[in-house]
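Reviewing the structure listed below.
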Amino acid sequence: MKVTIPIGPQHPALKEPISLRMTVDGEVIKDADLRLGYNHRGLEKLAEQKTWVQNIYLTERICGICSHSHTTCFVQGVEKLMELDPPKRGLYIRTLVAELERVHSHLLWLGVAGHEAGFDSFFMYTWRDREVVMDLLEIISGNRVHYAINTLGGVRRDIDEAQRAKILGSLDTLKKRTEYYLMIGANEPSFVARLSRVGYLSKEDAIALCAVGPTARASGITQDVRKDDPYAVYGETPFEVATADSCDVLGRTVVRVKELLQSYNIIEFLMKNLPNGPISVKAPRRAKPNEVVSRYEAPRGENIHYIRSNGTDKPERLKVRAPTLGNYAATIKMLKNGFIADIPLIFAAIDPCICCAERAVKVVDARSGEERTLRFSELRRMAGRRFEKVSQKRNAVWPF
Amino acid sequence: MAVLRTFLYLLVYPGVVFLFVYSTFAEWFDRKVYARLQNRMGPTHTGRWGLLQPIADFVKLMSKEDIVPERADKRLFTLLPIFGLAIVSTAGLLLPVWNFDLAAPGFTSFPGDIVVLLYLLSLPTLIFFLAGWSSTSFFSTIGATRVLTMLFGYEVPLFLSVLSPALLAGSWRLAEIARFYQQKPLLILPTLLGFVIALIAVQAKLERTPFDIPHAETEVVGGTFTEYSGKKLAFFRLMTDVEMVVSAGLLAAVFLGGFPGGALIGFVQFVAKTLFVIFLLSLMRAVTSRIRVDQVVSFAWRCLAPLAVLQLLIVILIKGFLL
Amino acid sequence: MTDSEIIEKAKALLGGRALEVANPTLRRIFITVAPGDLAAAVTALRDHLGFFYLATISGVDDKDDYEILYHFGNKDACLNVRTRIPKAAPRIASITPVIPGAILYERELQDMFGIIVENIPDPRPLVLPEDWPAGNFPLRKDWKFERPVEKIPGGKA
Amino acid sequence: MKIAAFLPELLRHIIRKPATVDYPFKKLKVPKDFRGTPFLHPELCIACRACERDCPAEAIEITAISDVEKTFKMVIHNDRCVHCAQCVDSCPTTPKKAMDMDAAFEIADFDRHNLKAEWVYVRAVQKPKAPAAPAAPAAPNTEAPA
Chain A
42 MKVTIPIGPQ
52 HPALKEPISL
62 RMTVDGEVIK
72 DADLRLGYNH
82 RGLEKLAEQK
92 TWVQNIYLTE
102 RICGICSHSH
112 TTCFVQGVEK
122 LMELDPPKRG
132 LYIRTLVAEL
142 ERVHSHLLWL
152 GVAGHEAGFD
162 SFFMYTWRDR
172 EVVMDLLEII
182 SGNRVHYAIN
192 TLGGVRRDID
202 EAQRAKILGS
212 LDTLKKRTEY
222 YLMIGANEPS
232 FVARLSRVGY
242 LSKEDAIALC
252 AVGPTARASG
262 ITQDVRKDDP
272 YAVYGETPFE
282 VATADSCDVL
292 GRTVVRVKEL
302 LQSYNIIEFL
312 MKNLPNGPIS
322 VKAPRRAKPN
332 EVVSRYEAPR
342 GENIHYIRSN
352 GTDKPERLKV
362 RAPTLGNYAA
372 TIKMLKNGFI
382 ADIPLIFAAI
392 DPCICCAERA
402 VKVVDARSGE
412 ERTLRFSELR
422 RMAGRRFEKV
432 SQKRNAVWPF
Chain B
105 MAVLRTFLYL
115 LVYPGVVFLF
125 VYSTFAEWFD
135 RKVYARLQNR
145 MGPTHTGRWG
155 LLQPIADFVK
165 LMSKEDIVPE
175 RADKRLFTLL
185 PIFGLAIVST
195 AGLLLPVWNF
205 DLAAPGFTSF
215 PGDIVVLLYL
225 LSLPTLIFFL
235 AGWSSTSFFS
245 TIGATRVLTM
255 LFGYEVPLFL
265 SVLSPALLAG
275 SWRLAEIARF
285 YQQKPLLILP
295 TLLGFVIALI
305 AVQAKLERTP
315 FDIPHAETEV
325 VGGTFTEYSG
335 KKLAFFRLMT
345 DVEMVVSAGL
355 LAAVFLGGFP
365 GGALIGFVQF
375 VAKTLFVIFL
385 LSLMRAVTSR
395 IRVDQVVSFA
405 WRCLAPLAVL
415 QLLIVILIKG
425 FLL
Chain C
97 MTDSEIIEKA
107 KALLGGRALE
117 VANPTLRRIF
127 ITVAPGDLAA
137 AVTALRDHLG
147 FFYLATISGV
157 DDKDDYEILY
167 HFGNKDACLN
177 VRTRIPKAAP
187 RIASITPVIP
197 GAILYERELQ
207 DMFGIIVENI
217 PDPRPLVLPE
227 DWPAGNFPLR
237 KDWKFERPVE
247 KIPGGKA
Chain D
100 MKIAAFLPEL
110 LRHIIRKPAT
120 VDYPFKKLKV
130 PKDFRGTPFL
140 HPELCIACRA
150 CERDCPAEAI
160 EITAISDVEK
170 TFKMVIHNDR
180 CVHCAQCVDS
190 CPTTPKKAMD
200 MDAAFEIADF
210 DRHNLKAEWV
220 YVRAVQKPKA
230 PAAPAAPAAP
240 NTEAPA
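Right under this line is the structure:
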């Protein structure tokens, strides 16, 4: 007996408007219909009417949590268009803020995963320790969320000796706390029970559905733009790509915590060999007609910007593909045959940044017809008949 | 005179007024401990240290708009909160703290009152199911079916673990059980296993965090209480608080040796022991994460029930050889 | 595999179909292919060169025709396959049989440019709401949108 | 798989001071160059409109009142401003910038009109970097920033 449950567009588990219609048989999900577009802001059309400098702050507001990744991806592309060569110190600071953002984004995700699984103490503690990174970002860039540290040809603010010492100083508390959370995440029985074997995505499915970021790396695909196509100073920084092959939400948690530990090493490396010199070069107002593809490893996956210029001071075309969009096809695959209780967890596992990915809907229409008789089948069949009557009368609300 | 005494007995001291005030205090204590465990402040600004916060919530909810879903069965929908509160308050009267001396016990202490108390405590689960069922929204129906599924998990271990100390004491009367353990305090030790099982089962009955699946807000929005608002929701919230106090009182009476010592000391004993049990409940709420409904049932039958039977075995052996 | 090796292998694989190949910067290769043999080129690149990961599909409104770029990525480089289709007959074959993950980006192409993607498994609108007036496609250059004047409620003007 | 793995950490914190700050009553210190609200030093502004052109949110509006005495009016729409400080960066005046950022971030208001800041001033003449300290004429600014 099928009951279709609408989760969203407004729902406590979803911080942003996205609509999931689950066809559920008892507690098991039969198929999922994902509907987006609720806060599509027409960003690509808007970018064509703003100058290069203004577009930096426009791309920054694509996503609140990974704002630095979109600006860096955009600024790198435009620097190639304008043939600018940012100085080494500017690139070092840009990579530093990128890694600090990855740390704060992963710590935020750990908290959200804990909250979705009902583990509120884990949520409180991870977000308390995330404040250390937020304060660092606020001291360096002057703002906790939209750092706006990038400009065409380098960065806008320098790091003085006191800030450098503060960053190095707070690294070991962060390292100690992250190892503690890895221990908790792997050992707390009720938490692990909610994470293991949930949202299974095999390696072949991940490849076929072009999954990106930690979701793909947790299924055993070593795919990291920082290694495959190094930008900024990732060519010189020693780090390894964190992968796991358990293909489930627990694997994604482990991958993200390993990435946190890698980020601490990168930040330490960056702070220890920060070269001195200027931090930015002067940028012209116009860019010659040209096109560029710029890629960036955001905390959620690979970011890609395709920018084409036509000689004026406004871009001809700016195509943005945020990582969450890449993972939506994989999410539908994971949701099938899961439990209702797992919907928020599976959905949170790809760390969805819905405002980033205002571009995807996918229907899986495997209408498996078999009728499972359950002990409560009689109760549920009554519920089913009630809904049909209910939905007919108010069908304007739920367009089935 | 006797009428006045019973009237006072029912309404003021051991009865409704005291129970409501004490249950809001218990909720404040639970929220404050839970917050401090998570390194937060908890309610602080309503009254001294936030003491009036639960009462403030109750008053706010009472003044809010009260919506009844169109398709719902209006009479049932409206009466359920009142039934629930009534059931749980009458269960509160049966707690043995009120009859000070066994010679002239009040009318609420009779042989077999532990069975009545357990029955009255399992009725609220049925009330939750009907509440979820009668408000015909998707989420509340799922919440309702989850309440019943969980009921089959924790009910048997709860009954077994609570009744085994009664078996050891050889009587079904709460006051006598309490007096038995006051005279032989050493015999509390073998029933400690039962105490742990009962704690977990009560946490499930009260639908608190490891088992708050029926109204898990990230999955099924409000679960059984999705459609409730205004006065009805206020009554349901108060009902869960009173149920917490009553369950804590039951556990304290059966496992921690009741509340000896006349009126005043008995009252202090009652407050101390119930707050200790509530502290353990909020500790459990802070330590664990929410598990799925099927995991609750398998955990209950694969782990709680065998331990409860083991506890029963221990009690029978002790009763057979030692007493 | 350096860029030049990839280019040789791609030229060998595609034979005459690769109309022009460009390598503007390190690890960036642009191959232009006629719309007809797009699917064949994509299959060849996926099987022999390991370009199974499709990052995204970008559509560009280029005065009198649409340019569609398929951005692939693998360990060594980012390969972009470019096709041009006339505005008069905006049709392109879907590559979902070859790469299932492309369904999302083809849907957006359909919404934003009005390009009809043949035998796409699921033709429903992707991002635009159901009540979006048919026939106008936001990302076309001729689609103008004038922002309404901002009225601030209350207080002095 | 440890039962109650979180217990020791929780019990350690039960007596410690909570990490949360009682916000409206106790406030945290804002760091040194925090990007708060943009404001103008009217006597330094040469009305070159660089900030108006570069502002991503179109929050700065410079209108010429009269060309004779070269007086201008600048309005900063703080309800539209995104606090990115690009105006401070693109301001060409040396040595001290006309546009500046203060640290006020609690600017919520019921009426968006209260968030508009206005200045009417005479355009300062940007002296070439002569060796002598350029004495910028004391422009009669008629209205202090809101």
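Residue numbers (our numbering), protein chains in the order written: chain A, 42 to 441; chain B, 105 to 427; chain C, 97 to 253; chain D, 100 to 245.
Just so you know, even glycine gets a beta-carbon here, dropped at the ideal spot from N, CA and C.
Practice item. Return the residues of the segment 216–241 of chain B that lie within a Cβ-Cβ distance of less than 9 Å from chain D, sorted by chain order. Key: Those residues of the segment 216–241 of chain B that come within reach of chain D (Cβ to Cβ, closer than 9 Å) do not exist; the list is empty.
Check your understanding: What residues in the segment 356–369 of chain A have a beta carbon less than 8 Å from any beta carbon of chain C?
Key -> Going along the segment 356–369 of chain A in chain order, one finds 357, 358, 360, 362, 366, 367 and 369 with a Cβ nearer than 8 Å to chain C.
Exercise for review: Would you list, in sequence order, the uninterrupted beta strand (DSSP E) runs of no fewer than 3 residues that lie entirely inside the segment 162–217 of chain C?
Suggested key: Inside the segment 162–217 of chain C, DSSP marks whole beta strand (DSSP E) runs of 3 or more residues at positions 174–182, 187–189 and 212–214, from first to last along the chain.
Point to revise | Cross-chain neighbours of residue 250(C) in chain D, by beta carbon under 7 Å | key: Contact annotation for residue 250(C) against chain D: 210 [CB-CB distance below 7 Å, chain order].
Check your understanding: Skipping 5 residues on each side, what residues in its chain have a beta carbon closer than 6 Å to that of residue 404(A)?
Key -> With a pLDDT of only 25 at residue 404(A), under the threshold of 50, the placement of this residue in the model should not be trusted; the figure read from the coordinates follows. Result list for residue 404(A): 74, in chain order.
Point to revise | Three-state secondary structure assigned by DSSP to residue 228(A) | key: Collapsing the DSSP output to three states places residue 228(A) in a helix.
Exercise for review: Identify, in the order they occur along the chain, each residue of the same chain with its Cβ nearer than 8 Å to the Cβ of residue 129(C), setting aside the five sequence neighbours on each side.
Suggested key: Within the same chain, residue 129(C) has close Cβ partners 110, 113, 114, 115, 137, 177, 178 and 179.
Practice item. Using the Cα positions of residue 412(B) and residue 339(A), report the straight-line distance between them to the nearest angstrom. Key: Residue 412(B) and residue 339(A): Cα-Cα distance of roughly 51 Å.
Review point. If we ignore side chains and look at the alpha-carbon of each, how far apart do residue 132(D) and residue 203(D) end up?
Key: Distance between the alpha carbons of residue 132(D) and residue 203(D): 11 Å.
Practice item. With 8 Å as the threshold, decide whether the Cβ of residue 111(A) is near any Cβ in chain C. Key: No, because no Cβ of chain C sits closer than 8 Å to the Cβ of residue 111(A).
Review point. With C-beta atoms as the reference, is residue 186(C) less than 8 Å away from residue 153(C)?
Key: Their beta carbons are not under 8 Å apart, which means residue 186(C) does not touch residue 153(C) by this criterion.
Point to revise | 8 Å contact criterion, which residue 145(C) and residue 107(C) should meet: CB distance rounded | key: So it is not a contact: roughly 11 Å between Cβ atoms.
Point to revise | Whole-angstrom distance between residue 220(C) and residue 155(C), CA atom to CA atom | key: Distance between the alpha carbons of residue 155(C) and residue 220(C) is about 19 Å.
Practice item. Provide the residue(s) that pair with residue 337(A) in DSSP beta bridges, ordered along the chain. Key: The beta-bridge partner set that DSSP reports for residue 337(A) consists of 344(A).
Review point. Are there 16 or more other CB atoms within 10 angstroms of the CB of residue 121(A), so buried, or fewer, so exposed?
Key: Classification for residue 121(A): buried.
Review point. Is the distance from the Cβ of residue 274(A) to the Cβ of residue 193(A) below 8 Å?
Key: No; because the gap between Cβ atoms is not below 8 Å, this pair is not in contact.
Check your understanding: CA-CA distance, residue 371(B) and residue 337(B)?
Key -> Going from the Cα of residue 371(B) to the Cα of residue 337(B) covers about 30 Å.
Check your understanding: Where does residue 236(B) land, buried or exposed, given buried means 16+ other C-beta within 10 angstroms?
Key -> With 16 or more Cβ atoms within 10 Å of its Cβ, residue 236(B) is classed as buried.
Check your understanding: Helix, strand or coil: how does DSSP classify residue 176(D) here?
Key -> Three-state result, residue 176(D): strand.
Review point. For the segment 238–252 of chain A, which residues have a beta carbon sitting closer than 7 Å to at least one beta carbon of chain C?
Key: Per Cβ criterion, the list reads 248, 249, 250 and 251.
Exercise for review: Name, going along the chain, the residues of the segment 328–357 of chain A whose beta-carbon falls closer than 9 Å to a beta-carbon of chain C.
Suggested key: Along the segment 328–357 of chain A, going in chain order, the ones with a CB nearer than 9 Å to a CB of chain C are 331, 332, 333, 334, 336, 343, 345, 347, 349 and 357.
Practice item. At 4 residues or longer, and completely inside the segment 230–266 of chain A: list those alpha helix (DSSP H) runs for me, N to C. Key: If we require 4 residues or more, the alpha helix (DSSP H) runs fully inside the segment 230–266 of chain A come out as 230–236, 244–249 and 254–258.
Practice item. Scan the segment 352–371 of chain B for residues whose Cβ lies nearer than 8 Å to a Cβ of chain D and list them as they occur along the chain. Key: Here the close residues number zero.
Exercise for review: Examine chain A for any beta-carbon lying closer than 8 Å to the beta-carbon of residue 114(D), and answer yes or no.
Suggested key: It does not: the Cβ of residue 114(D) has no partner Cβ on chain A nearer than 8 Å.
Practice item. Could you name the residues of chain B that residue 385(A) contacts, counting a contact when the two beta carbons are closer than 7 Å? Key: Annotation: Cβ neighbours of residue 385(A) in chain B (cutoff 7 Å, chain order): 322 and 323.
Practice item. Please look up how many angstroms separate the CB atoms of residue 136(A) and residue 315(A), rounded, as I've assumed it's under 8 Å. Key: That pair is no contact at about 10 Å.
Check your understanding: residue 334(B) and residue 199(B) look like a contact to me (Cβ under 8 Å); what is the Cβ gap, rounded to whole Å?
Key -> Residue 334(B) to residue 199(B), Cβ: 30 Å. No contact.
Practice item. Name, going along the chain, the residues of the segment 132–144 of chain B whose beta-carbon falls closer than 7 Å to a beta-carbon of chain D. Key: Closer than 7 Å at the C-beta level to chain D, one finds these residues of the segment 132–144 of chain B: 140, 141, 143 and 144.
Point to revise | Listed by chain order, chain A residues near residue 109(D) by CB distance under 7 Å | key: In chain order: 162.
Review point. According to the Cβ coordinates, are residue 317(B) and residue 361(B) closer than 8 Å?
Key: Their beta carbons are not under 8 Å apart, which means residue 317(B) does not touch residue 361(B) by this criterion.
Point to revise | Under the three-state DSSP convention, the category residue 97(C) falls into | key: Three-state result, residue 97(C): coil.
Practice item. Could you tell me whether any Cβ in chain A is nearer than 8 Å to the Cβ of residue 233(D)? Key: Because residue 233(D) sits at a pLDDT of 44, beneath the cut-off of 50, its placement in the model cannot be relied upon, and the following sentence gives the value as read from the coordinates. Among the CB atoms of chain A, none fall inside 8 Å of the CB of residue 233(D).
Review point. When the Cα of residue 276(A) is compared with those of 157(A), 302(A), 132(A) and 373(A), which residue comes out closest?
Key: Ranking the options by Cα distance to residue 276(A), first place goes to 132(A).
Point to revise | Backbone CA spacing between residue 277(B) and residue 164(A) [nearest angstrom] | key: Roughly 45 Å between the two C-alpha positions.
Practice item. Kindly say whether residue 427(A), judged by its beta-carbon, lies nearer than 8 Å to any beta-carbon of chain B. Key: Per-residue confidence for residue 427(A) stands at a pLDDT of 46, beneath the threshold of 50, marking its modelled position as unreliable; no derived number is given.
**Study point:** Per DSSP, the bridge partner or partners of residue 220(D)
**Key:** BP columns for residue 220(D) point to 171(D).
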